[in-house]
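Below: one structure, written as structure tokens.
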Amino acid sequence: MQKAVVARVGDYQVRRCERDDVQAVININMETLPEHYSDYFYYEILAEFPETFLVAEFDGAIIGYVMCRIEYGFSHLRRLGLARKGHVVSVAVKEQHRGKGVGTLLMNASQEAMVEKAATESYLEVRVTNAEAIALYQRLGYIVASRLEAYYKDGEAALVMAAKIGQ
Ligand SMILES: CC(C)(COP(=O)(O)OP(=O)(O)OC[C@H]1O[C@@H](n2cnc3c(N)ncnc32)[C@H](O)[C@@H]1OP(=O)(O)O)[C@@H](O)C(=O)NCCC(=O)NCCS
117 MQKAVVARVG DYQVRRCERD DVQAVININM ETLPEHYSDY FYYEILAEFP ETFLVAEFDG
177 AIIGYVMCRI EYGFSHLRRL GLARKGHVVS VAVKEQHRGK GVGTLLMNAS QEAMVEKAAT
237 ESYLEVRVTN AEAIALYQRL GYIVASRLEA YYKDGEAALV MAAKIGQ
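Per our numbering, the sequence shown starts with residue 117, numbered consecutively.
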């Protein structure tokens, strides 16, 4: 069966992740990021939030992914109040495919899926030294909501970045 493409840029296509894609996603995570998760974690997120777990394909191979959860809790954008939030748990593009708009496409497509799940804001954590990712998020309208000292195992701090989504 033809897999439903949700977005495209050049020869890159973004579609929902399927169970058979998870190993490729884990491999990309292993080669691109220092934060790894158990295999179970990926399958669990896919089972619970299939709409916001997307992969990017090039020439039949998976070269990027974005994995998000929908949560309910304190807003990162308003001083008081609760919000339904899309949480970008992890996003990555294989090195040789970067700078071609795939990261932007994955982020935009996941944001649209979050809005369909009634989320009004999106947020994520990013290493304070990850200039490339921070620049991408800023371009997409994310602002720094807070800073979490020693958030990562190696002691590095994280920025919590958030953006209003929908209407
Ligand atoms: C962060 C990351 C996902 C961005 O992915 P990407 O596919 O390179 O993102 P994009 O191509 O959309 O944007 C990156 C740059 O390419 C430029 N670009 C976008 N489309 C382009 C195109 N068609 N042609 C040329 N350049 C383009 C963008 O302007 C951007 O440049 P800038 O950052 O200097 O403004 C990627 O760098 C990555 O996987 N990093 C390692 C994992 C990681 O750190 N993840 C984030 C954890 S919080």
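Glycine included, C-beta positions come from ideal geometry on N, C-alpha and C.
{"query": "What is the DSSP secondary structure of PHE165, counted as helix, strand or coil?", "result": "coil"}
{"query": "Is there a C-beta anywhere in chain C that falls below 9 Å from the one on VAL260?", "result": "Absent from the structure is chain C; it holds one protein chain and no more."}
{"query": "Could you check if SER206 belongs to the surroundings of ligand 1, using beta carbon to heavy atom distance under 8 Å?", "result": "yes"}
{"query": "Kindly list the residues whose CB is nearer than 7 Å to the CB of ASN145, restricted to its own chain and excluding five residues on each side of it in sequence; keep chain order.", "result": "HIS152, SER206 and ALA208"}
{"query": "How far does the alpha helix (DSSP H) with GLU248 in it extend, from its first residue to its last?", "result": "247 to 255"}
{"query": "Looking at THR148 and ligand 1, is the gap between the Cβ and the nearest heavy atom below 8 Å?", "result": "yes"}
{"query": "Just checking GLU248 against ligand 1 - is the residue's beta carbon closer than 8 Å to any of the ligand's heavy atoms?", "result": "yes"}
{"query": "By DSSP, does SER238 sit in helix, in strand, or in coil?", "result": "strand"}
{"query": "Under a three-way DSSP split, which group does ALA140 fall into?", "result": "helix"}
{"query": "So, with DSSP's three-state summary, where would you put TYR180?", "result": "Per the sequence presented here, residue 180 reads as Gly, with Tyr not at that position. In this structure, GLY180 counts as strand in the three-state DSSP scheme."}
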